Amino acid sequence: MPFRQMLPSPALQAIGRDFLADDATVVRSPRQPGDLTGGTRVTTIHGEHLAVLARMPQDPVASHLGVAADISVAQGIREGLGKGESMLTLSLRVEQLSAPRSGETLRGAGQLLSAGPTGIVARGVLVGEDGRAVAEALGRFMAVDGQGGYAGSSPESTQQWGEVAEPQDWARLLPLEPARNDDGRFSVIPSADTANSAGIMHGGIQMRLHELAAGRMLAAKAAHEGRGEAAQALSRPGSADGARRAVSIGTTYHRPVPVDGPPLSVGVEVLKDGRRIAITQSQVRDPQGRLLGSSEIVWARG
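The numbers in the sequence shown follow the UniProt record's numbering, run straight up by one, and end at 302.
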């Protein structure tokens with residue numbers, strides 16, 4: 001694919017407009033990711049631009065932004081796809097700029113930054129109902145022939161936003177169990193409901209898996225060091241303690257992650273655990289020991 005310098009996506013311009021959920025028609029195609037991701041959907045705004053609406057669950061954390069960010073960035077890469085091509089995600093980084101609020105609907109859109117032989121790079125942005133910036137994401141993708149990734153064709157309208165299912169916290173679909181005789185590892189069989197339309201675990205929900213496992217590890221470390229109050233607070237999935245939360249999640253997708261079995265191994269290493277900042281690194285492996293995905297998370301207080 002020859003290198004092309006791309007203009008800003010119309011979808012990115014659309015995000016600055018005042019549009020409400022009532023203005024949006026949800027769109028979907030057989031190859032469109034997000035079919036089973038609760039309250040996040042690709043939409044058309046006033047019949048013109050592709051954008052994203054994402055309802056937040058109660059007590060949202062950074063990894064709840066993963067699906068919305070993944071799908072938002074994906075709208076930007078449509079311009080970089082050739083005829084008959086689809087796209088595979090290589091990596092995605094989400095930077096939380098402000099805390100998402102319980103139950104609010106975020107708006108998102110994507111912008112293609114570059115497309116060339118080394119891959120396609122796009123960014124996505126998410127804003128809150130009051131217009132504040134909530135998150136920015138940067139993704140790198142690879143074009144492949146035929147199906148298997150994000151489709152280049154525009155999906156057809158299917159339903160109004162009000163008909164979309166309420167969001168859920170994917171923690172219950174990712175039942176982590178401590179691995180025996182290994183304090184740094186967990187076992188998990190992701191529910192089939194965590195899959196995208198290709199039948200593999202959605203990249204955004206993988207971020208939730210990494211955050212859950214890393215949070216449990218920080219809790220165990222706090223308990224071992226006698227910080228019982230912090231450890232008890234961390235029993236709530238997704239946060240390191242009552243004040244420390246994930247603010248940056250970078251995930252690399254090495255191989256497709258299967259759902260509904262076999263059991264996967266999730267290993268976590270705490271790289272830094274300071275008074276204000278913690279950094280964790282985690283890896284997901286299959287029963288043969290092959291690396292499926294890895295993630296680095298920055299946790300901050302205040």
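All C-beta atoms, glycine included, are put in the ideal place defined by N, C-alpha and C.
None of these values were measured; they are calculated from a predicted model.
- Residue 262 counts as exposed, since fewer than 16 other C-beta atoms from the protein chains shown sit within 10 angstroms of its C-beta.
- Assigned with DSSP and collapsed to three states, residue 139 falls in strand.
- Runs of the beta strand (DSSP E) lying entirely within the UniProt domain "Thioesterase" (199-291), each at least 3 residues long, are 244-253, 264-273, 277-285 in chain order.
- Between the alpha carbons of residue 116 and residue 223 lies a distance of about 49 Å.
- Between residue 191 and residue 257 a beta carbon distance of about 12 Å is seen, past the 8 Å cut, so the two are scored as non-contacting.
- Separation of the CB atoms of residue 299 and residue 255 is rounded to 27 Å, and the pair is thereby denied contact status at 8 Å.
- Taking all protein chains in view, the Cβ of residue 216 is crowded by 16 or more other Cβ atoms within 10 Å, so the residue is classified as buried.
- In the three-state DSSP reduction, residue 171 falls in the helix class (H, G or I).
- Of all alpha-carbon atoms in 177, 169, 205, the one lying nearest the alpha-carbon of residue 294 is that of 205.
- For residue 61, no beta strand (DSSP E) segment is defined, and its DSSP state is neither H nor E.
- Of all C-beta pairs linking the stretch 122-139 to the stretch 85-101, three or more are shorter than 8 Å, placing the two stretches in contact.
- Counting C-beta atoms within 10 angstroms of its own C-beta, residue 287 has fewer than 16 neighbours from the protein chains shown and is therefore classed as exposed.
- Between the C-alpha atoms of residue 90 and residue 140 there is a straight-line separation of about 6 Å.
- Each residue's CA atom was taken as its position, placing residue 301 and residue 83 some 47 Å apart.
- Where residue 128 is concerned, there is no enclosing beta strand (DSSP E), because DSSP gives it neither an H nor an E.
- When the beta-carbon positions are compared, residue 126 and residue 72 come within less than 9 Å of each other.
- In the three-state reduction of the DSSP assignment, residue 78 falls in the helix class, which pools H, G and I.
- As the crow flies, the alpha-carbon of residue 251 is around 31 Å from that of residue 226.
- Beyond the five residues adjoining it in sequence on each side, residue 284 comes within less than 6 Å, by CB distance, of 264, 266, 292, 293 in the same chain, given in chain order.
- Contact between residue 52 and residue 137 does not hold, since the beta-carbon distance rounds to 11 Å and is not under 8 Å.
- The C-beta distance from residue 106 to residue 77 rounds to 20 Å, too long to meet the 8 Å contact threshold.
- Under the DSSP definition of a beta bridge, residue 185 partners with 267.
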